[in-house]
Amino acid sequence: MKIYRLCFLFLCAIHTSAVHSYDRITGEMFASRSEVIAANGMAATSQPLATQVALDILKQGGNAIDAAIAANAMLGLVEPTGNGIGGDLFAMVWDAETQKLYGLNASGRSPKSLTIDYFKENGLSRIPAYGPLPVSVPGAVDGWFELHKKFGSLPMSALLAPAIQYAKEGFPVSELIAYYMQRSVPKLSQYKGFKETFMPNGRAPEKGQIFKNPDLAATYEKIATGGRDAFYKGDIARTIAAYMKEQGGFLTYEDLASHTSDWVDPVSANYRGYDVWELPPNGQGIAALQILNILEQFDIEGMGFGSPEYVHTFVEAKKLAFEDRAKYYADPEFNKIPVDWLISKEYAKSRRALIEPNKALKRIDAGIHHGDTIYLTVADKAGNMVSLIQSNFRGMGSGMTPDGLGFILQDRGELFSLEEGHANQYAPNKRPFHTIIPAFVTRNGKPWLSFGVMGGGAQPQMHAQIIVNLIDFGMNLQEAGDAPRILHSGSSQPTGEHMEDGGFVSLESGYSKQVRRALLEKGHTIKDVSGWFGGYQAIMRDTKTGVYYGASESRKDGQAAGY
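For the sequence shown, UniProt numbering puts the final residue at 563, and the numbers step up evenly by one.
See below:
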């Protein structure tokens, strides 16, 4: 059979001029490339220049945490379509010295002076996506300094130096980022500061064009020399506050000056002998654990990758988890969230009973309890591993581009609900529901996998699929990310929308017409979409040899590299 497959691929290569991923002589038919393997260190980010910066920091003697901060600063420059210091940050760190996993929630809170009455008085049923109203305190810079204070080794000035140099001298814009920058222009160019920062010569940069951001370089220099207070209590904060007031916003100097991040305990669920770790709400990470707990009760391996039985079971498990996500996930400082119950095996068993093998769920209630983003991961020779995700939320963010600072403020506040009594209901000084989630996996108490998948509400779905691909279907690290993905949309949302029609399923092109037909027969609605399937980066550690394996998303501009 193996010889036949090789001959078939050889003949295909002769008779067609196109070269496809399945023309590779090893690996799964859909694999785009081999895993990257290295012994001393590994970095995987969504932009090659950021990956190289991370490796440079490691080679200078920095550790994984140093390299992650440097790469994140670089991504804020080279990938402003997904992140920047106007946004929030979450991270998990495996510390080789203490042999412990740490979690950081560096997300910001809503303005203290903005109340829910403002939205009601202005006839708004939901918070707008753009402009001054969805802006919450940006937490990323404080997140950098919290990580650095606890784990860093090189000075912050050294970590920000590469991004500062690139911001001054310029860098060639990569293909996908150019595409998204150009798509942002119609929505965001109306706001003061956007054109001056991101539209040199009156238009968004094209692929390969050298783009400079001297304002961001100056902002990074102030942070490098003045620390986190330069951002939250200095001239940067005053500039942000003055700009927001001018634009009719509510974010103030006091909101910035009082911001703090929180170190939190990651939570886990065991999936077939592997402990999968996520951060608790206000993020959506535990939805992945809920999906996996339900899937564990099925013979997923026996169903086979890509089968209609597997796709159906996965989608139904996702629907169940997302009903709880819509009801319970919110700021824990304002709500008592039943995390332990939601991720328990007992609860998963009760929910699994709702899945029928040949009938798609159309409407379902949450369980009753009584009582656009970048992702990067870095690992170093000592065994430290970082799983970090950072975002402005919707693409480039709110459009609010404070004078002369070189970045856009996030629009994360759009994810609050204005529904009375909802756990995620808007309130002053409250963290909104968050979509960005880093992930980590340990086995027998040792670090095994640091990974993440960008993409809004797709993230828990893709986290679960990566784990299933690795564990149930035996794929390698790159194959697990390249494999065609499943996306279910239309579930009930933390912003108040309710699923009444079962939503719809989108499948990447690797799924056959026969699978699509079988899903239709089970009552699913199929809808093709493009670009919604996330962006994956991962580093795996061989627990026997200590060697690292790296993988990067074939759907993005990214790169995994090691040394």
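Quick reminder that beta carbons are idealized off the backbone N, C-alpha and C, glycines included.
- Considering only Lys59, Ser46, Pro138, Leu55, the residue with the shortest C-alpha distance to Pro402 is Pro138.
- Per DSSP, reduced to three states, the secondary structure at Ile374 is strand.
- With respect to the 7 angstroms criterion, Phe451 and Ala538 are classified as neighbours on the basis of their beta carbons.
- Distance from the Cα of Asp542 is smallest, within the candidate group Leu289, Ser34, Ala38, for Ala38.
- The criterion of a C-beta distance shorter than 7 angstroms is not satisfied by Ser509 and Leu487.
- Around the beta carbon of Asp23, a 10 Å sphere encloses fewer than 16 other beta carbons of the protein chains shown; the residue is thus reported as exposed.
- DSSP places Asn293 in the uninterrupted alpha helix (DSSP H) bounded by 286-295.
- A buried status is given to Tyr549, since no fewer than 16 other beta-carbon atoms sit within 10 Å of its beta-carbon.
- Given a length threshold of 3 residues, each whole run of the beta strand (DSSP E) inside the segment 414-493 is given here in chain order: 439-443, 446-454, 486-489.
- With contacts defined by Cβ atoms closer than 7 angstroms, Thr219 and Leu405 form a contacting pair.
- CA-CA distance, Gln390 to Ser398, rounds to 15 angstroms.
- Secondary structure of Gly562 (DSSP, three-state): strand.
- The residue from Met400, Glu79, Gln465 with its alpha-carbon nearest to that of Thr239 is Met400.
- In the DSSP annotation of this structure, the continuous segment of the beta strand (DSSP E) that includes Glu278 starts and ends at 274-278.
- With distances taken between CA atoms, Thr252 lies nearest to Ser113 out of Asn105, Ser492, Ser113.
- Pairing Tyr328 with Gln284 gives a Cβ-Cβ distance that is not under 7 angstroms.
- When secondary structure is reduced to three states using DSSP, Arg203 falls in the coil class, being assigned neither helix nor strand.
- When secondary structure is reduced to three states using DSSP, Val547 falls in the coil class, being assigned neither helix nor strand.
- Apart from the 5 residues on each side of it in sequence, Ala366 sits with its Cβ closer than 6 angstroms to the Cβ of Glu323, Asp324, Lys327 in its chain, given in chain order.
- Taking the Cα positions, Asp229 is about 56 angstroms away from Lys522.
- With respect to the 7 angstroms criterion, Glu175 and Lys207 are classified as neighbours on the basis of their beta carbons.
- Per the Cβ contact rule, the segment 462-479 is not in contact with the segment 409-419 (fewer than 3 Cβ pairs under 8 angstroms).
- In the three-state reduction of the DSSP assignment, Val141 falls in the helix class, which pools H, G and I.
- Distance from the CA of Asp88 to the CA of Gln514, rounded to the nearest whole angstrom, comes to 42 angstroms.
- The segment 59-68 makes contact with the segment 143-156; the number of CB pairs closer than 8 angstroms reaches 3 or more.
- When the five nearest sequence neighbours on each side are left out, the beta carbons in the same chain lying within less than 6 angstroms of the beta carbon of Thr51 are those of Ala43, Thr45, Gln559, Ala561, in order along the chain.
- Contact between Val315 and His463 does not hold, since the beta-carbon distance rounds to 15 angstroms and is not under 8 angstroms.
- Taking the CA atoms as reference points, Leu295 sits about 10 angstroms from Leu289.
- Within the DSSP secondary-structure output, Trp94 pairs in a beta bridge with Leu101, Met385.
- Note that the C-beta distance between Ala237 and Leu256 is below 7 angstroms.
- Membership of Ser554 in any alpha helix (DSSP H) is not indicated, and neither H nor E is assigned to it by DSSP.
- If you draw a 10 Å sphere on the C-beta of Asn105, you find 16 or more other C-beta atoms in it, and that means buried.
- Per DSSP, the beta bridge partners of Ile37 are Tyr549.
- DSSP lists Val505 as the bridge partner or partners of Ile526.
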